[in-house]
Amino acid sequence: MNQFLSSVVATLTIASLSAANPSAFPHHQNPDEIVVTRGDKVLGSIPCERIVLDGKGRWNTEGGYCYTRGQVGRTSDGKMYARVGSAWGAYFVAESSLDVFFESHDDGRTWPGRWNVDLPQKRLPGNFIVLDDDSFLVSATQSTDSVVSIYRSTDRGRTWKLVSEIPAHPFEENYLDGNLLQLQDGTILLPLNFAVPVEDEDFQTHTGLEFVLRSTDRGHSWHGGPDLTIWEPLIKARLSVLPKGPDSYMPGGTFMGCYETGLAQAPSGRVLATLRFSGYPWVWHERMKEAWGGREPDKIGRIFRQVMFSASDDGGLNWEMMRPFADADGESVIIQQETNGQMVPLGDGRIVLIHQRRFGPYQLVGRVSIDGGKTWLHDEYRISAGFGYSGSVVLDDGTIVTCTGKSIASNILGADSKGGEEVEGRHEAQIIRWKLPPNEEVLSMSQSGS
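Numbering (my numbering), first residue to last: 3 to 452.
In structure tokens form, the structure reads like this:
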């Protein structure tokens, strides 16, 4: 299958009988295709390559719920680096020795290089990025404090030096909540969530505020966090600030009630963001349910728990109000429990959204916009089974190299062997090399589902 990426994909293979039922996709036996569906209908498939990254059992922890996170970057000499880790046993208890770097010299086809991450103080890495000078930057945290640490490596991840720390003040907690992104002008963006723990129902700043911090000196200093003049008196007085409607903002916060921000920059320079909107249920949510793709309230009352879209035209300083990933008629293509997304801009102006689906059999799903993110197709590219966070890079020929964790447990596959409880299972990682077909074939396949 290595040859499939050397030429433009000219035809679409009709899905085999084994994939005739989309709900069976996580158990699909052909590793060399991504099945494309809409609802219960199979539209077709596209070829792919899947390469297992061997963690040698490192990510299989005992007890509790855990997952694997994959991120990938590329240096100027063409080498590719994947970082996999963050497998948690007891929630938020881990260390950097669980994280592994893999190295590829052939655009992600094979990964012979392998070494453990060894951060000072064994802090837990959350985000990894290859900078334009080929140095690595990692942000890390630890459950015992509320400080985010930034480390830099100039020897491609073998050794690390602490370059800065970001405290939670005036909030009580902050934690890593998205991906690092270096913009075309060299600025580095880092999403962080700041929160006050729940103390009572009236003090609702525990819903969390998502800030996108900025660094112009390769991570040595950061700007754009909480404004002390706003938040210190509010928190001290135990006052809450809630948005009045879908067009209002939290004071000093980049996004309201949002988490797990995925950042990307289009070739035009526009910065794109996927936002997991799943904050405390507010009074205006009910009237937005239909337009924003909400569902009936979950067990804590949330109508929305899904990926939303935003963009910035000034390098992440100011952001458009979030809105759904919607089709040409304004109908959301995302519904509740489709969370944690990241956009992958292609050189031809198209954008691929990759997000988790956390209902039924858990899986990683791709969606496509052919007009730069203005509208989105309803088609679902079933990329991977199981639960995991992913990162992607795009090669010059349009090949998408996706690195994703893959946690397989009975509850994640949709079974109910333990009454729906979270159970330990098999935790893996993989590289998926795939390529979006030309627009006419994407549209032809999409129209077959109408």
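Beta carbons are placed, not taken as given, at the ideal position from N, Cα and C, and that holds for glycine.
Boundaries of the alpha helix (DSSP H) in which residue i is found, first to last residue
{"i": "Thr146", "result": "It is not in any alpha helix (DSSP H) - Thr146 carries neither H nor E in the DSSP assignment."}
{"i": "Thr516", "result": "The displayed coordinates of the chain run from 3 to 452. Any statement about residue 516 would go beyond what the structure contains."}
Reduced DSSP category for residue i - H, G, I as helix; E, B as strand; rest coil
{"i": "Asn441", "result": "helix"}
{"i": "Pro363", "result": "coil"}
{"i": "Leu319", "result": "coil"}
{"i": "Glu288", "result": "helix"}
{"i": "Lys124", "result": "helix"}
{"i": "Leu100", "result": "helix"}
{"i": "Met324", "result": "coil"}
{"i": "Ser242", "result": "coil"}
{"i": "Ser446", "result": "helix"}
{"i": "Thr189", "result": "coil"}
{"i": "Trp294", "result": "coil"}
{"i": "His429", "result": "strand"}
{"i": "Ala170", "result": "coil"}
{"i": "Gln338", "result": "coil"}
{"i": "Glu175", "result": "strand"}
{"i": "Arg52", "result": "strand"}
{"i": "Phe270", "result": "The question names Phe, yet the displayed sequence has Ser at residue 270. Reduced to three states, the DSSP call for Ser270 is coil."}
{"i": "His225", "result": "strand"}
{"i": "Ser250", "result": "coil"}
{"i": "Arg111", "result": "coil"}
{"i": "Ser155", "result": "strand"}
{"i": "Leu183", "result": "strand"}
Beta-bridge partners of residue i, as assigned by DSSP
{"i": "Arg278", "result": "Tyr261, Val309"}
{"i": "Ile131", "result": "Leu139"}
{"i": "His357", "result": "Gly343, Val367"}
{"i": "Val44", "result": "Thr39"}
{"i": "Leu382", "result": "The residue you asked about is not Leu; residue 382 is Glu in the sequence shown. Partner(s): Thr39."}
{"i": "Ile434", "result": "Arg52, Thr404"}
{"i": "Asn195", "result": "Tyr177, Glu212"}
{"i": "Ser217", "result": "Ile190"}
{"i": "Arg85", "result": "Gln73, Phe103"}
{"i": "Ser409", "result": "Phe389, His429"}
Exposed unless 16 or more other CB atoms sit within 10 angstroms - verdict on residue i
{"i": "Phe361", "result": "exposed"}
{"i": "Ala431", "result": "buried"}
{"i": "Gln241", "result": "Before going on, a small fix: residue 241 reads as Leu here, not Gln. Classification of Leu241: exposed, given that the 10 Å Cβ count is below 16."}
{"i": "Gln123", "result": "exposed"}
{"i": "Pro193", "result": "buried"}
{"i": "Gly264", "result": "buried"}
{"i": "Trp436", "result": "buried"}
{"i": "Ala387", "result": "buried"}
{"i": "Ser452", "result": "exposed"}
{"i": "Trp117", "result": "exposed"}
{"i": "Lys408", "result": "buried"}
{"i": "Pro363", "result": "buried"}
{"i": "Gln449", "result": "exposed"}
{"i": "Val285", "result": "exposed"}
{"i": "Val444", "result": "buried"}
{"i": "Gly72", "result": "buried"}
{"i": "Tyr222", "result": "Just to set this straight, residue 222 is His in the shown sequence, not Tyr. It counts as exposed."}
{"i": "Leu319", "result": "exposed"}
{"i": "Pro33", "result": "exposed"}
{"i": "Thr39", "result": "buried"}
{"i": "Pro326", "result": "buried"}
{"i": "Ser78", "result": "exposed"}
{"i": "Glu340", "result": "buried"}
Extent of the continuous beta strand (DSSP E) run through residue i
{"i": "Ile302", "result": "It is not in any beta strand (DSSP E) - Ile302 carries neither H nor E in the DSSP assignment."}
{"i": "Trp162", "result": "Premise fails: Trp162 is in no beta strand (DSSP E) and is neither H nor E."}
{"i": "Gln73", "result": "70-76"}
{"i": "Thr39", "result": "35-40"}
{"i": "Lys81", "result": "No beta strand (DSSP E) contains Lys81, which DSSP labels as neither H nor E."}
{"i": "Gly393", "result": "390-396"}
{"i": "Val119", "result": "Premise fails: Val119 is in no beta strand (DSSP E) and is neither H nor E."}
{"i": "Glu333", "result": "Run containing Glu333: none; DSSP gives neither H nor E here."}
Contact test: residue i Cβ vs the ligand COA heavy atom, cutoff 7 Å
{"i": "Val273", "result": "For the structure depicted, the ligand COA is absent and the ligand set is empty, with no information on it obtainable."}
Worksheet item: Quick one: any contact between the region 358-376 and the region 282-292, if contact means 3 or more CB pairs under 8 Å?
Response: no
Worksheet item: Is the region 213-220 close to the region 188-202, with three or more CB pairs under 8 Å?
Response: yes
Worksheet item: Are the region 167-178 and the region 129-144 in contact at 8 Å, needing three or more beta carbon pairs?
Response: yes
Discussion item. If contact is defined by three or more beta carbon pairs under 8 Å, each pair taking one atom from either stretch, is the region 293-302 in contact with the region 226-240?
Written reply: no
Worksheet item: Would you call the region 53-63 and the region 376-385 touching, i.e. three or more CB-CB distances under 8 Å?
Response: no
Worksheet item: Three or more beta-carbon pairs under 8 Å between the region 352-359 and the region 383-403, yes or no?
Response: yes
Practice prompt. Flag this pair as touching only if the region 306-323 and the region 267-278 have three or more C-beta atom pairs under 8 Å; answer yes or no.
Written response: yes
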